[in-house]
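Residue numbers (this note's numbering): 172 to 488.
Below you'll find the structure, written out as structure tokens, and then a few comments.
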Amino acid sequence: MHTLIDSARIATQELRTLFDPTPLQRNEHLSARFGADIWLKREDLSPVRSYKIRGAFNAMRKVLAQQPDQQTFVCASAGNHAQGVAFACRHFGRRGVIFMPVTTPRQKIDKTRIFGGDAIEIRLFGDYFDQSLTAAQAFCTKVGGHFLSPFDDDDVIEGQASVAVEILDQLRKAPDVIILPVGGGGLAAGIRTYLRALGNQTRFHFVEPLGGASLTAALKAGEPVTLPRVDSFVDGAAVARIGARPFASLADVAPEAVLLAPEDRICITILDMLNVEGIVLEPAGALAVDVLQDLAESIRGKTVVCVTSGGNFDFER
């Protein structure tokens, strides 16, 4: 059996010590609007309001199984991975040093402090994620900590694959279509690799913010490249360079399967989901729902799962 199938299922079982599966909810409004059977995988309802807790917990769990004396964990994050690491540090009783861009929404900084408590220290550095990443890696080397990548780590990808395990358990079949947001690529790589390993014929669509299309650039170049500029509005997916490990799993994605969402339209989608559904989504969390309008013809009559990846939105922005 494919190793990720086994390891993702184990990761899913271990996560049950923290929280129950996030809901997979059929959305009546979207289903009627697009003439499809549309389901939302509500990662915005995890304990930290994003899927990032999965990879952070799984990676830390596996590190401590091999290195039980490791006391310090370091990460860089635009917000959601920071909250996952903070939650895991407190759970495991370890010290966490978290580097975040200075542009990180105040709501995400405050929530990270709440989840980590005295177990963590937050350092604000750089205007966007990749600058924070460089500083975090240098600090980690200096203090002898263990660096927890938000996406470029096999154990993190394995943890994110638990989303796919839950979807199949809850839907009781493979969806015809699954729509995934992409930033660093860990979530997309984990879910796609798991479902393909099982031989499912699910069609994948990937969504990037127009101002941070790192997967699109990598597919065009045939390798990860660094974008010269990234718009930080979609902070949960504002990554200038897709991870090498995720891209290794996504390198054969057809360019036409990657869609770009403009900022103004994402704002409309966020407001629509709030006003019609009472669902609070952050910009990255709204990406999958936003592009349903671009896929309207191809998804008609299909079973579609949109992964709403996070709900940590600061309405004062």
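Where is the CB? At the ideal position from N, CA and C, for every residue including glycine.
For clarity, every value in this text was computed on a predicted model and none was experimentally measured.
Put simply, of E379, V476 and A467 the residue whose alpha carbon is nearest the alpha carbon of R204 is A467. Membership of F300 in the alpha helix (DSSP H) is indicated by the continuous run F300 to V314.
Non-local beta-carbon contacts of L201 in its own chain, meaning distances under 6 Å to residues more than five positions away in sequence, involve I209 in chain order.
Excluding its 5 nearest sequence neighbours in each direction, A389 has C-beta neighbours in its own chain below 7 Å: P395, V396, I413 and F418, listed in chain order. In the structure shown, F318 adopts extended strand secondary structure according to DSSP, grouped into three states. C-alpha of C246 to C-alpha of G206: approximately 42 Å in a straight line. If you look at D326, you'll find it in the alpha helix (DSSP H) that goes D325 to Q331. Under the criterion of beta carbons closer than 8 Å, I362 and A384 do not qualify as touching, at roughly 19 Å.
DSSP places E199 in the uninterrupted alpha helix (DSSP H) bounded by E199 to F205. Annotated three-state conformation of I176 is helix, per DSSP. Annotated as proximal: V353 and L386, with beta-carbon spacing under 9 Å. The bridge partners DSSP lists for M444 come to none. Annotation for E379: the continuous beta strand (DSSP E) segment containing it runs R374 to P380. Spanning the alpha carbons of M271 and T305 requires a straight line of approximately 11 Å.
Under the three-state reduction of DSSP output, I413 falls in the coil class, being neither helix nor strand. Setting aside the 5 residues that flank it on each side, V314 is surrounded in the same chain by T243, each with a C-beta closer than 7 Å to its C-beta; the list follows chain order. Taken atom to atom, the span from the alpha-carbon of V462 to that of Q241 is near 43 Å.
When Cβ pairs closer than 8 Å are counted between the two stretches, the region 340-355 is seen to touch the region 376-383, the count reaching three or more.
An exposed status is given to G393, since fewer than 16 other beta-carbon atoms sit within 10 Å of its beta-carbon. H317 and A428 have their C-alpha atoms spaced approximately 35 Å apart. Between V256 and I291, the C-beta gap is smaller than 9 Å, which places the two residues in contact. When the alpha-carbon of E434 is set against those of A455, T373 and L211, the nearest one is in A455.
Of the other Cβ atoms in all chains shown, 16 or more fall within 10 Å of the Cβ of P276; this residue is therefore buried.
DSSP places R220 outside both helix and strand once states are collapsed to three, so it counts as coil. In this structure the region 223-243 lies against the region 252-266, because at least three pairs of beta carbons, one per stretch, are closer than 8 Å. Shown here, T397 sits in coil according to DSSP, grouped into three states, outside any helix or strand. DSSP lists no beta-bridge partner residue for F484.
Within the model, the alpha-carbon separation for K473 versus D347 is close to 6 Å. Assignment of D208 by DSSP, reduced to helix, strand and coil, places it in the strand class.
Linking A253 to R265 through their CA atoms gives a straight-line distance of about 14 Å.
P239 and K391 have their alpha carbons spaced roughly 42 Å apart.
Straight across, the Cα-Cα distance linking P321 with K223 is about 8 Å. If you ignore the 5 residues before and after L211, its C-beta comes within less than 6 Å of the C-beta of Q196, N198, C477 and T479, all in its own chain and listed in chain order. Inclusion of Y299 and T283 in the CB contact set at 9 Å is not warranted, their separation being larger than that value.
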